[in-house]
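Below you'll find the structure, written out as structure tokens, and then a few comments.
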Amino acid sequence: MKTKALSFRVEESTYNYLADLADKSELPISEVVREIVKTNQMTEGTRRAYGECLEYLASVDSNDFLVGLDALVEAIKEVKTNG
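If you want it as structure tokens, here you go:
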């Protein structure tokens, strides 16, 4: 993937918001911004499905995480195959 550098200024409150997201996700601010841009480029349906997947994964008990992840992968395969 070819990348280009980008620089921009934001209000202090926006910076603080991005820094908070970076702290919570343990990602650099640049990666947080990339994820936000990716999410904004998704269609409404894809964005909703992505959010539902994340909510589901967040709700799975840590002892059952791999089972929950397997179930999610199977559901995604089903949707991909059958629409």
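Sequential numbering from 16 applies to the sequence shown in our numbering.
Glycine included, C-beta positions come from ideal geometry on N, C-alpha and C.
The criterion of a C-beta distance shorter than 7 angstroms is satisfied by Val47 and Leu36.
Here Lys17 carries a coil assignment [DSSP, helix/strand/coil]. Cβ atoms of Leu69 and Leu87 stay farther apart than 8 angstroms, at about 10 angstroms. When DSSP states are grouped into helix, strand and coil, Phe80 belongs to the helix group. Ala64 and Ala90 have their C-alpha atoms some 11 angstroms from each other.
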